[in-house]
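The sequence shown finishes on residue 145 if you use numbering that gives the first Met the number 0, and the numbering steps up by one all the way, no holes. Beta carbons: idealized from backbone N, C-alpha and C, even for Gly. Before any comments, here is the structure.
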Amino acid sequence: MLTDTLKTILATAYALSIKAQNFHWNCEGPDFPQYHDFFGNFYEEVYGAIDRTAELIRQLDSYTPGSILRYAELSQIQDQTKIPRAMLMMEELYQDNAKVLMMYKEAFHVAEEADEQGIANFIAERIDAHGKHAWMLRSILKTTRA
Ligand SMILES: [Fe+2]
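So this is what it looks like as structure tokens:
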């Protein structure tokens, strides 16, 4: 059901945004300014999609989950309570972003099957945004030229 899919997306986007914000606050290393800015831009971009996602759930006449407990239950990515080294933060965010990208790709088909073109468009924009995040993270993680 499309509303269930959107609720999972909402919780997972929130979890990803919080994790990136945690990394923004706690990253360390010689390239700190770049890491700090990168994680900052990342969490803000992901956070920017949350309100629209919640309102789409309401648009479909379902109620939007709005508690940390519900988000923890629904989120598809693992929480991070420790403070990894900066490159491990990048690696973790890359893996999580890949999961989120896959989630949106599946959601796009759910929206199309429900004949909700506007929502499918919104999801397509998120696929594009997370594709860009994947490119950036991949580039940061690359240490040798193939
Ligand atoms: Fe900040």
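The criterion of a C-beta distance shorter than 8 Å is satisfied by Leu1 and Val109. Annotated as proximal: Asn21 and Gln79, with beta-carbon spacing under 8 Å. Ordered by chain, the residues meeting the criterion of a beta-carbon within less than 6 Å of a non-hydrogen atom of ligand 1 are His23 and Gly39. When only Cα atoms are considered, Ala85 and Ala133 end up about 17 Å apart. For Asp60, the three-state secondary structure derived from DSSP is coil. Just so you know, the alpha carbons of Glu90 and Ile118 end up roughly 30 Å apart. DSSP places Pro29 outside both helix and strand once states are collapsed to three, so it counts as coil. The beta carbons of Thr7 and Leu73 sit about 5 Å from each other, so the pair counts as a contact at 8 Å. Distance from the CA atom of Tyr62 to the CA atom of Ile56, rounded to whole angstroms, is 7 Å. Taking 8 Å as the cut-off, the beta carbon of Thr4 is found no closer than this to the beta carbon of Ala71.
Exclusion of the five residues before and after Arg137 leaves Tyr93 as the residues of its chain whose Cβ lies within less than 8 Å of its Cβ. Cys26 is positioned such that its CB atom lies no closer than 8 Å to that of Met101.
In this chain, Ser66 is not harboured by any alpha helix (DSSP H), its DSSP state being neither H nor E. In the DSSP annotation of this structure, Ile76 is not part of any alpha helix (DSSP H), being labelled neither H nor E.
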